[in-house]
Amino acid sequence: MARKVIIDCDPGIDDAVALSMALFDPRLDVVAITATAGNVSAAQSSRNVQTIIEQLDPLRYPRLGVATAPDTSPATDARYMHGEDGLGNSGYQVSRLHHQHPSEKVICDAVRADPNCITLICLGPLTNIARAFQRDPDLPSMVDRLVVMGGCVDGNGNVTPAAEFNIYQDPVSARVALRSPVTKTLVPLDVTRQVELTLDFLDELPSDETRVGRFLRQILPFIFRAYHQRLGQESIHLHDCVALAAVVEPDLFDFTELAGDVETQGELTMGATVFDRRRNPQWRPNMDVALGIDVPRVSAYFTHALTLAGNAT
Ligand code: BDR
Ligand code: CA
Numbered sequence: 001m002a003r004k005v006i007i008d009c010d011p012g013i014d015d016a017v018a019l020s021m022a023l024f025d026p027r028l029d030v031v032a033i034t035a036t037a038g039n040v041s042a043a044q045s046s047r048n049v050q051t052i053i054e055q056l057d058p059l060r061y062p063r064l065g066v067a068t069a070p071d072t073s074p075a076t077d078a079r080y081m082h083g084e085d086g087l088g089n090s091g092y093q094v095s096r097l098h099h100q101h102p103s104e105k106v107i108c109d110a111v112r113a114d115p116n117c118i119t120l121i122c123l124g125p126l127t128n129i130a131r132a133f134q135r136d137p138d139l140p141s142m143v144d145r146l147v148v149m150g151g152c153v154d155g156n157g158n159v160t161p162a163a164e165f166n167i168y169q170d171p172v173s174a175r176v177a178l179r180s181p182v183t184k185t186l187v188p189l190d191v192t193r194q195v196e197l198t199l200d201f202l203d204e205l206p207s208d209e210t211r212v213g214r215f216l217r218q219i220l221p222f223i224f225r226a227y228h229q230r231l232g233q234e235s236i237h238l239h240d241c242v243a244l245a246a247v248v249e250p251d252l253f254d255f256t257e258l259a260g261d262v263e264t265q266g267e268l269t270m271g272a273t274v275f276d277r278r279r280n281p282q283w284r285p286n287m288d289v290a291l292g293i294d295v296p297r298v299s300a301y302f303t304h305a306l307t308l309a310g311n312a313t
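What follows is the structure, given as structure tokens:
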């Protein structure tokens, strides 16, 4: 039976590719897609979720949730990596948002309707998750699993020297989510960075005769240019797609139970994930962390998932 998931995301090019994979994977039943602010503003992220659905036009439309701004405005976004519109400046327009329910309400309603059956896949800052848990304190006990793309165990951040983007954008919410009693999986930069995609990836996409092929060829060139110009790299990372792979194909990863938390204040370390890896840990393990990855097989999963999407569109 397909696994029921809600995808909470901040599209974002890698979010958009992850959605393209998830929506056509028969092993997943995407019951809702909820937008959160992160790579782009709350309004733009909400528009992008709708754009992606309209462009891909899946057989069954998931419920959509609209993002609202986080309580404390983050210092930054990631338009420099994803384009002014978050989708590689592709110029897609939506006339008006179809579904006006806030993301946290959509999450609460969907989980309550199907208790213990829903995996929350978090590909952006954890604002909506913290709000959903605050709105409905019993919710954590009804979520099957929370899978978060975020953080780093080796201490090498991407937005600051110490912090990963999704955690840094809303560290207070990240702390609420990671301290909650839900069963959690963290997919940190340590593994997502190991999957490097070169320009050959563009040649492996479904043809332009498919909706997904046309859409991805519109948005992906921007991120290749951004990696080249900003990082001097010829290859890109699609962090959120690796997190999706950890849900669909967990056997491709090695997970270690760790005790982790989030620094919410530090002058140099705000948003850093901190793990108790002492010989005699004092903190109780609270999450499974992906620390090992079978890179060739995760790359093959990407190709396979996009082939399925091509066949369906
Ligand atoms: C995360 O940050 C965002 O820019 C990406 O979409 C991904 O979710 C990687 O740190
Ligand atoms: Ca993201």
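For the sequence shown, this note's numbering begins at 1 and goes up steadily by one.
Every residue gets a Cβ at the ideal spot worked out from N, C-alpha and C, and that includes glycine.
Under the three-state reduction of DSSP, C117 is assigned to coil, being neither helix nor strand. Annotation: the continuous beta strand (DSSP E) that includes R63 extends over R63 to G65. Taking 9 Å as the cut-off, the Cβ atoms of T36 and S103 count as close. Taking 8 Å as the cut-off, one finds no heavy atom of ligand 2 near enough to the beta carbon of N128. Around the beta carbon of E204, fewer than 16 other beta carbons lie within 10 angstroms, which makes this residue exposed.
Contact between the segment 259–277 and the segment 160–173 is present: 3 or more CB-CB pairs across the two stretches fall below 8 Å.
If you look at V247, you'll find it isn't in any beta strand (DSSP E); it sits in the alpha helix (DSSP H) that goes H239 to V248. By the 16-neighbour rule on beta-carbons within 10 angstroms, L23 is buried. Between the segment 170–185 and the segment 126–140 there are three or more inter-stretch CB-CB distances shorter than 8 Å, so the stretches are counted as touching. If you compare the alpha carbons of I236, L139, R135 and P188 with that of G155, the shortest gap goes to P188.
Residue nearest to D251 within the set T76, H82 and A290 is A290 (criterion: CA-CA distance). A distance criterion of 8 Å places the beta-carbon of V159 in contact range of ligand 1, judged by its closest non-hydrogen atom.
Ranking T256, L238, M287 and R135 by CA distance to the CA of T303 puts L238 first. As the crow flies, the alpha-carbon of R63 is around 43 Å from that of R278. For the set V247, V106 and R60, the Cα lying nearest the Cα of I293 is the one of V247.
Secondary structure of D109 (DSSP, three-state): helix. The segment 2–9 makes contact with the segment 25–39; the number of CB pairs closer than 8 Å reaches 3 or more. DSSP lists D288 as the bridge partner or partners of E257. By the Cβ-count criterion, R96 is exposed, with fewer than 16 other Cβ atoms from all chains shown falling within 10 Å of its own Cβ.
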